[in-house]
Each structure stands twice: as C-alpha cells, then as structure tokens.
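Okay, so here's the structure we're looking at.
Numbering (this note's numbering), first residue to last: 10 to 834.
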C-alpha cells in the first residue's frame, strides 16, 4: 500500500491532535491502538500468562531456570553454575530448566537427562517458570515484562568484564540499555569479578548505589572451566590451534555481519609453512551470520566454526592463541595465561564510535593493527605472563584477582543460602549501605518550570544521606529531554521505564474502565487496578522499599497510579498550579490524576495560596492526604553561570527593557501583555519588550504583535537556552499569567535582583509574599500597563531578596515531607 503524500499525512496528524481533546475520541483511539499493538506484539500472550502465574502459582523451591545470551546458547557463567549445581548434594531433586531457542545449541551431555528440561522462550512454560521458579540465573536480561517475586532468587552474572564502553557511556540512542538497567534492579544478587567490573557496569547502567548493595565480588564462574581444562593442556608443536572470537558490533537487535572480518583473519593466517593451523571461528552470540561456508584459506590452514553447542570457555582452554578485538574473553585468557592477540585494524574508528575504557597497550596482550602484524603474532604467540611483570601484576589485580577456579561454587553457595537451602550466613555485598531511597517522577523533562524546579531540588538533596532515583519515560521521551536529563547530578540514578505494564484480562478491563471515565466506582475494579499498578511500580523500580515515592510532575494519570502504588513509607504528589483551571482549560485527563489523590499521604502545593485554592476545589478527592506547602528552590550556581552567557545582540542601555519568559499558551496571557505594552509604548517610546518562549500560540502571538504595530520594539526569538542572560540584561520582569503555581522564573528574577510585576493570581502573589515585587491592580491590559508605567516613572520600590535564606527555608519544608526529617543539606 503506497504511503500518503506528506501534505496529507501532516493534515491527518493535525486533525488527530485536535480530536484528542475530546474524551470519547481519545479513549476510542487508545483502545484501538492497544488492540493493534496486541496483534503486532508477540509478547502479549507471554505478558498475560506471566501476570496470571505471578498472582496464582506458588514458587517451586526445587527449580532453577537458566538463560544465557537471550536463549542463544548454553554457555557462560549460567552453564558453569548449572554444572556446579547438578553435582552438589544440596541440589538433589532439583530440576534444571534451560531456556534455549536453538535446539542445536543444547550440549549432548544435557540432552535426555532426567533432571534437565529445555524450553524455548516462545513456549507457555517460559512465563510460567519465570513467575514460579525459586531460582533464576541469567548472564544478560529477562524480558521487559518480568518482575521478581518476593522469595524469588534472581542471580545476574553478566557476560564479561567491560572493555568497551557500556550503557549510558555508549555513543548511541539514549535509554537503549533500559532493560539491562531494569534487570539489575530486579536481580536479588549480582556477581562480578571486582571493583573495576562493578564501576564500569553498574556505574554506566545508572543504578550503582542500589546495585552495589547486592553485588558480590566472587570472580567469574565461566572462567572456572577454562582454568581447569587449561591445567591439563599440552601444546602440539606440529599443529597450532587459533580461536578467532570477535565481539559484536552495530546495534542491539541489528548486529553487523562479521564475515568480512573473519575473511580478513583467514587471509592473514594462510601460509605455506610446515605447521598445520586450525582456525576455530566463534561469532558472537548476538550475531546471525551463517558460518557453515567459511573461506578455506590456503596452505596449511583449516577453518572450522565453533559448534553452537560448544562452551567457548572450554574451547579456548585448548587453544595456542586467542585472537579477538574488543571482547571480554581477553580477561578470561588473562586468568588462564593463554596467549592473546588483539586484532584491531579499526581501532581509531571503534574508539571514536563506541569507545573503550582501557588503553589496549596497557594490557598483557599483543596489539595488531595490520594483517602482517597478526600473522607474526600468531606465529610466535606470547602468553600474558611473558609481558613485563608490572603490566601483568596490574592487570591481574584489576581484572581477575578472584579467579581461583571456585567462582561457580561461591555463586551457588550465594543463591542457596539466600534461598534457605544452606544455613550458612551470606557473605557481605560490596556495599552495606542502608540509606533511605527516594524515587521521583519528574515528568517528561520538558523545557518548563516543573523540570527546572525538579532539577533545582535534586541539586540540593544530600546524596550522602539518601539514595535518589529519578524515573523517566525512557525511549518515549522527546529528543530535547536528553539534554535536560544530563543536568541531573551524580550520583542520582536515572531509571528509564521500558516495556509496558502487564495485565490479566480482568485487570485490563479495569484499566479501560478507568481510562474511559478517569475514575472507577466498582470496588472490584479499583482493587484490580491497585494490584496491576503495584506490579507495575515493582516492574520499573524493582523490589525496593522506598522512603518516599514522589510524583513531582502531578500531571500524568498513569504515573500517578504507579507512584501511589509503589512500596514506600510515604507517597507524595505535587501540585504546581491551579489544578482545576489546568483540567478545565488544558488537560482534561487531570481528572484521572485527581482520582489517585486518595492514595497519597501528602499533597504538595508550591505556595500557600495555590495550596488553599486547590484544597478548596479538590479536597473531596483527598481522603486522608494532608495538603502542605513546599516552595520551589533556586539553583544559584546555575543562575550565576547562565547570567554571563553572550546574547545574539546587545540590549541598548538607552531603553527600558521589559521581559517575560514562558510558554506561549493561553494561561500565560501574552495577548493581554501585548495590549498593555502598546499603551506603555505609546506614552514611553523608549521602552522595549522581549517575549521568550515557544508553544502552541507562538505564531498567533507574533501576529497580534504585528497587528499592534509593535514588531520593531517587541522581539520574540522563541525558545532560548540563554534565558537567564536575557533576564539579567533586562530592566524589569513581567508575568501576566491567568494562573500559576509558584513560577520558577519569578524566583530566578528575584535572585538576579530584578524588579517583578505580576497579575493578582494566587501563585504569583505567594511567590512575592513579603513585598518582593509589585502586584498589578487588576488582570486587564489597562491595570497591567499602569503598573509598567509606574515602574518606568520610578514610582515602585522593590524589596531586596535574599536567595540563600529563601533556599534554606524551602529545604526545611521539603525535609518535613519525609518520614525521617533532617536528611537534606
């Protein structure tokens, strides 16, 4: 079917966006979209089955489920732990379930065994056992719909020590790693090789403060087999065995072919010498290349693909040389003292596009950039122990200090003790921190006052006393949001939602009933929605007991449900505005947010006036919630930096310059401001006005400006990332809004020492409490113009504002929100 022309597509999109304002269209659209997605998404059945078994099926204490490389193989650390468990008397009577999508990948020694089951991910057994197996072991990730049950032991071993950059350090699509991050949060235990691996895996994953609480430095179980087999290995001088095992490249789900790389290595190693060479080729588990017809080479070289059922750690133990590029196998080889060659003709490109944590020339491995260098290195292989002693000692201490051949046993001990199958005490994790955890939902990281106020608050929270996470929409975020997200200070965790909430059939019906009406009346449906949203909060955050779950945005009905149902000592939701006006004029779905107020302990307004207004209008929704005030904070460091930025053109000192900053939308009342300024300019032609911001009424506002003949004296550059510099160089800040909460830009203007003129509305009045600005005598253009002309004439006196004292008081207000006060600096 041909795609409609762009003009028609744009018209349809605009029509769709207009129609979404109507409840009936919106609910019908969402329902239709959901049904289409159900048909397209093969995971729907698995999600539903998982939810059902999560609720109804008890944990089976004698089942261990293993998965390796997304069910591509029976290998790596899960295979090593399985081997240890099958011979351990504590696991007598256990069933060992392997999730494998490719039957040929199942090793012969596991086929037909009474204590072993093989299932594919597409089977109904997969979601059932993910929900009901007592023990889970994975070296990568379970699907986005998985969440760990109480009493379930989930051991994540990961699949190597990071050499290449990982997760948020990668150059690529942000939040692509969200399911890896989520799996670390779901895991009950993580086993890694040491500090380096933890710092360069959990750090880039963005969950280090929580991840380190359940991480154990016990070594890498998969290396046990390599060490044991290598001890019995002897070289054959007449026959050299070389393993070529490159890492994968490209994007998850779309790996680049490795055939040209493999062909280049075969050509480089082809020779006419007397020594026979067998080149064993192992494509990465993420790669889809067919290696059954490899180039044969010339001379004495034979090429042989590593069979899919072979464990690479067993294969490498029989090799004279291992050739790789950026694979973590080089660390396995280091532990076993196997000669390793790093063939990296693309080093500079790879370093620029993916990135490396380690300079390759600091490792006890032979670095080769050309085929000739590769040929010479493989002809005279050099074991790690043959490198300078200081290089070897440093590498072993940093990467493989724990490798003594017993990591598998230690990993098995860990999960059996955690699961009650061994009475010995658990070892200590990397971190014994018991800091309370705060979780914030900040909204969509839009360029607005809510995002600014949230970032300001985060910059003041003492992370020595709290672990803090910020929840996001992940890949669904607008591209502009990622720049703002970079302003979240370390070590605050930014956790990206991925996948979608899972429902039973009855829960899904309750969800649609809520979406249709933005409320529920049937107690059964309310209970079903509560149950589903409790799971969803756990799916996103993990089984973490929070000190406080804070819905800072206050505008999202689904997120309001999620934060209300999170496992937290206190549930808090913010109101940044006159919420009834917001519902009536802009966001009808806020009615769904209001429904969730019953679940919150504190409802926070950003000014006393806004609190009183919202309480008067909405108290019927509050149930037992206490309405309180917590004023927005000011980031003085950001203001000091932002005020000095250069502007496209200087502001004339010979004019009096008014400025307003805010989204061009109805509630900001720019049309009234233009009418007011027209009066001011007619009497004081040395005045100027700047309107900074963009939004749905930007062009309409520009048109109104031009109709008033003000194009030469009212500039409207749209959005500017130098708004603070514009504000600092202006003479007076004006805010003509119809309604506000506690406008951040008023606080920034006061911190810059700027006079402020506002309309008489609760939020602005509260921000200027104490005489710090001037409140116009009315909300019409004439009253506002009179206030502006009083400023021009010097008839208004403004009180000096102390931003440090203000911040101290605002922090104390936030501190009082928390169950245990006094934890904010």
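Cβ coordinates follow ideal geometry from the N, Cα and C atoms, glycine included.
Proximity test, Cβ basis, 8 Å: residue i and chain D
i	result
residue 809	This model lacks chain D altogether; it includes just one protein chain.
Residue i burial status per 10 Å Cβ neighbour count (16 or more: buried)
i	result
residue 696	buried
residue 170	buried
residue 364	exposed
residue 37	exposed
residue 698	buried
residue 742	buried
residue 827	buried
residue 31	exposed
residue 11	Note on residue 11: pLDDT 44, under 50, position unreliable in the model; no value is reported.
residue 852	Absent from the model: residue 852. The displayed extent of the chain is 10 to 834, so no value can be given.
residue 708	exposed
residue 808	exposed
residue 806	exposed
residue 814	exposed
residue 537	buried
residue 584	buried
residue 556	buried
residue 242	exposed
residue 818	exposed
residue 248	exposed
Rounded Cβ spacing between residue i and residue j (contact assumed at less than 8 Å)
i	j	result
residue 775	residue 635	So it is not a contact: roughly 19 Å between Cβ atoms.
residue 681	residue 561	Residue 681 to residue 561, Cβ: 30 Å. No contact.
residue 626	residue 589	4 Å
residue 608	residue 573	4 Å
residue 153	residue 507	5 Å
residue 661	residue 734	At roughly 15 Å, the Cβ-Cβ gap does not stay under 8 Å, so residue 661 and residue 734 are not in contact.
residue 820	residue 642	7 Å
residue 344	residue 232	5 Å
residue 452	residue 565	7 Å
Residue interval of the alpha helix (DSSP H) (run including residue i)
i	result
residue 741	Premise fails: residue 741 lies in the beta strand (DSSP E), 741–744, not in any alpha helix (DSSP H).
residue 62	53–65
residue 121	Taken as a continuous stretch (DSSP letters only), residue 121 belongs to no alpha helix (DSSP H), as it is neither H nor E.
residue 385	380–388
residue 466	458–467
residue 144	Careful: residue 144 lies outside any alpha helix (DSSP H), inside the beta strand (DSSP E) at 142–147.
residue 269	268–278
residue 550	532–550
residue 324	321–326
residue 807	Element bounds for residue 807: n/a, residue is neither H nor E.
residue 733	732–738
residue 351	Premise fails: residue 351 lies in the beta strand (DSSP E), 349–352, not in any alpha helix (DSSP H).
residue 340	338–345
residue 494	490–494
Residue i: first and last residue of the uninterrupted beta strand (DSSP E) it sits in
i	result
residue 559	555–560
residue 69	69–76
residue 812	Counting along the chain, residue 812 falls outside any beta strand (DSSP E), though it belongs to the alpha helix (DSSP H) covering 812–826.
residue 113	First-last for residue 113: undefined, no H or E at that position.
residue 107	104–108
residue 126	125–128
residue 446	446–450
residue 90	Element bounds for residue 90: not the beta strand (DSSP E) but the alpha helix (DSSP H), 85–95.
residue 358	That residue, residue 358, is in no beta strand (DSSP E); its alpha helix (DSSP H) goes 356–362.
residue 164	162–165
residue 333	330–333
Which residues DSSP lists as bridging residue i, in chain order
i	result
residue 505	481
residue 798	In DSSP, residue 798 forms no bridge with anything.
residue 837	Residue 837 is absent from the model: the chain starts at 10 and stops at 834.
residue 513	According to DSSP, which records beta bridges pairwise, residue 513 is partnered with nothing at all.
residue 476	446
residue 173	365
Worksheet item: At what residue ranges does the segment 635–684 contain a whole run of the alpha helix (DSSP H), taking only runs of 4 or more?
Response: Qualifying alpha helix (DSSP H) stretches, in chain order: 645–651.
Worksheet item: Going along the chain, which unbroken runs of the beta strand (DSSP E) with 3 or more residues stay wholly within the segment 190–259?
Response: Fully enclosed beta strand (DSSP E) runs of 3 or longer: 198–201, 224–226, 248–253.
Discussion item. Ignoring anything shorter than 4 residues, give me the alpha helix (DSSP H) runs that lie fully in the segment 743–792, in order along the chain.
Written reply: Complete alpha helix (DSSP H) runs here, min 4: 753–760, 771–776.
Worksheet entry | Contained beta strand (DSSP E) runs [length at least 3] in the segment 682–729, N- to C-terminal order | With a minimum length of 3 residues, the unbroken runs of beta strand (DSSP E) contained wholly in the segment 682–729 fall at 696–701, 723–727.
Fill in: Uninterrupted alpha helix (DSSP H) stretches inside the segment 565–624 (no shorter than 4 residues)
Positions of the alpha helix (DSSP H) runs, each at least 4 residues long and wholly inside the segment 565–624, are given as 566–574, 588–594, 599–605 in order along the chain.
Worksheet item: In the segment 374–442, which residue ranges form an unbroken alpha helix (DSSP H) of at least 4 residues, counting only runs that do not cross its ends?
Response: Scanning the segment 374–442 for uninterrupted alpha helix (DSSP H) segments of 4 residues or longer gives 380–388, 398–408, 416–427, listed from N- to C-terminal end.
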